[in-house]
Amino acid sequence: MTVALRATEVAEALESATGALSAAGCDTPRLDAEVLLAHVLGSDRTRLLADVRAPLPESAVRPYQDAVRRRAIEREPVAYITGRRGFRHLEVAVDRRVLIPRPETELLVEVGLELAPGASVLDVGTGSGAVALALKHERPDLVVSASDRSADALAVARANGARLGLEVEWLEGDLLAPALGHRFDAVLANPPYVAEAELPELAPEIVRHEPAAALRGGPDGLSVIRALVEQGAAARMPMLALEVGAGQAPAVDRLLRTAGFGRVQRRRDLAGVERVVVGSRPGPGTGRGRDR
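Just so we're aligned: the sequence shown equals residues 65 to 356 in the numbering used here.
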């Protein structure tokens, strides 16, 4: 199936694309239309919108039609079509080998920013490397490592690190296995936390395109989190900060306390959801955070 966009001006192209994306059920049709056209034109939204009466180059019509088709018909995420996603002060490359970084995950970076000067931190399940790279960018004094069990994901992360010129140690392995023999002051993780029964309810953009292994959290969504807490406790990690799903914070709080993390914080995202749970033990390097 094709998406027909008959337009001679940028404004007409945007209007036509917005209609197609709206009819397809996309949540932000106008924004998507603008981002995709800016990408096709090699521009940015600010310049694009500064002169919407500019002629649409004929060479851009078919690429724009294809981008809108992918978004509307296949429900491919905009970030995969453009190949990039903004995260805090950085722009990272993304594709179907990694999850698309989301705003709520920035809470993990905020936890890391509170670490003592020179602290060492491990980002588990790094995916595109967004958390580790943002942390190194904003706190160059920190010693940052990142791990993932997916070699494909690590390839994306390494490429992002090289392009951004940020020094992060990349480790391949599952959960804390790559950390054996290392000493970290904090572990940050955005583990899979979607319960099996909830997977079919996710948006088509997620179900059809994002890597399932980075989503599946077992029957109750906590299988990977339990394993990570157990490993963190066995390794006597001073701090473990976990992104969790809506409604999971109380259960994860209990898991951390039972595992010996005597101080637990819950942090809310901008929607008011308890999104990150932080367990810590007394000692240096664990930051300035307050119990909540």
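Beta carbons: idealized from backbone N, C-alpha and C, even for Gly.
From a predicted model like this one, the values you see are computed outputs, not experimental measurements.
In the structure shown, ALA183 falls within a coil segment according to DSSP collapsed to helix, strand and coil. Here GLY309 is not near GLY336, since their CB atoms are 8 Å or more apart.
By the criterion of at least three beta-carbon pairs nearer than 8 Å, the segment 145 to 160 is in contact with the segment 213 to 227. Taking a C-beta distance under 8 Å as the contact criterion, ALA196 and ALA210 qualify as a contact pair. Its chain contains LEU100, HIS103, ALA131, ARG134 and ARG135 as the residues whose beta carbon lies nearer than 8 Å to that of ILE145, once the 5 sequence neighbours on both sides are disregarded; these appear in chain order. Taking a 10 Å sphere around the C-beta of SER123, we find fewer than 16 other C-beta atoms and assign the residue as exposed.
Three or more Cβ pairs closer than 8 Å define a contact, and the segment 169 to 183 meets that threshold against the segment 324 to 341.
The C-alpha of GLY281 lies about 20 Å from the C-alpha of ALA215. Between ALA180 and ALA77, the alpha-carbon positions lie close to 51 Å from each other. Proximity to ASN254 across ASP187, THR82 and GLU202 peaks at ASP187, based on C-alpha coordinates. In this structure ALA194 does not touch PRO167 by the C-beta definition: roughly 11 Å separates them, more than the 8 Å allowed.
DSSP places GLU338 in the strand class (E or B) of the three-state scheme.
For ALA323, same chain residues with a beta-carbon under 6 Å away, outside a window of 5 residues either side, are VAL293 and ALA297 in chain order. PRO121 counts as exposed, since fewer than 16 other C-beta atoms from the protein chains shown sit within 10 angstroms of its C-beta. Annotated as distal: LEU235 and HIS201, with beta-carbon spacing of 8 Å or more. Cβ-Cβ distances below 8 Å link LEU112 to VAL74, GLU98, LEU101, ALA102 and LEU105 in the same chain, with the five nearest sequence neighbours on each side left out; the list follows chain order. Note on the segment 192 to 252: whole alpha helix (DSSP H) runs with a minimum of 4 residues are 194 to 202 and 215 to 228, in chain order.
Between PRO242 and LEU163 a beta carbon distance of about 19 Å is seen, past the 8 Å cut, so the two are scored as non-contacting.
Shown here, VAL288 sits in a helix according to DSSP, grouped into three states. About 6 Å separates the CB atoms of ALA198 and PHE151; that is less than 8 Å, so the two are in contact. Apart from sequence neighbours up to five positions away, the residues of its chain that approach VAL142 with a beta-carbon distance below 7 Å are ASP96, VAL99, LEU100 and ARG135, ordered along the chain.
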